[in-house]
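Residue numbers (our numbering): 713 to 977.
Heads up, the beta-carbon is just placed ideally off N, CA and C, and yes, glycines get one too.
Comments concern the structure below.
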């Protein structure tokens, strides 16, 4: 449905556009005035989490960028003040309040995803949904490991997920010997966008990582469903391998070469 949207418009230099978001949210939540002897000012992080739980934007990365902007602003103020973000830059985004969508519950194995067309949000089925079945989507990027999803859901939303995917992965990581340790060694290769042209990791590193992942998942004690869920959590490893191969091709076409990890400068 249509949401009540908000956001800064690039190039808008009005005083209202530059007003501190925190003051606006304080006023909206009735926190701007005195609230008695036990009153305390709500922190930026608390306000962001309120927004995160009840509002939506086109992608997940916006929230991380907001947090990074606030961190840099605070560090800049401590050092004498450099404004908001690097060089005083502001972060522009689109954010909307969608009351009906805010009532949709979470699952790490969702049957729906959110899609945007301008200010209109729609729920699009990504799996068969039977009549009377609850519509569920993921509050965090589902292409993350069990540990990463658990950390985010606990810290940002205040609950532990008990969906079928989490239960299956918890068994695989906690009961089957060696699986957790072997998978954890791949985590460094599983970060998003690792395969940049200046990355210390090469196509061969990512290839070995994906091959090791498939060896782990071939363990006879890992069911097909367990393996499918675990593999989704390492989607970035496969994407990094693909992007590293593209980077090698681009470098070769330009007459250069990517340095291997540990190579001499």
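Best match in 945, 926, 916 for proximity to residue 957 [C-alpha to C-alpha]: The shortest Cα separation from residue 957 among 945, 926, 916 belongs to 916.
Using a Cβ distance threshold of 8 Å, determine whether the stretch 859–871 contacts the stretch 824–843, with at least three qualifying pairs required. no
Indicate whether residue 949 and residue 918 have their beta-carbon atoms separated by less than 8 Å. yes
Within its chain, find whatever has a CB closer than 7 Å to the CB of residue 761; leave out the 5 residues flanking it on each side and keep chain order. 868
Of the listed residues 826, 814, 828, 873, nearest to residue 820 (C-alpha basis): 873
Proximity below 8 Å, CB of residue 938 to CB of residue 882: Contact: no.
Can you give me the start and stop residues for the beta strand (DSSP E) that residue 827 sits inside? 824–829
As a quick exercise: from 894, 904, 768, 876, pick the residue whose alpha carbon is nearest that of residue 924. 894
Beta-bridge partners of residue 818, as assigned by DSSP: Paired residues: 849.
Can you check which of these residues, 953, 817, 876, is closest to residue 913 by C-alpha distance? 953
Buried or exposed by the 16-neighbour rule on C-beta atoms within 10 Å, applied to residue 889: So residue 889 counts as exposed.
Over the uninterrupted beta strand (DSSP E) stretch that includes residue 832, give me the two end residues. 832–837
Where the beta strand (DSSP E) through residue 809 begins and ends: 807–809
Run through the DSSP bridge pairs and tell me what residue 768 is partnered with. 808
Continuous beta strand (DSSP E) assignments of at least 3 residues falling wholly in the stretch 868–898: none
Helix or strand or just coil, what does DSSP make of residue 763? helix
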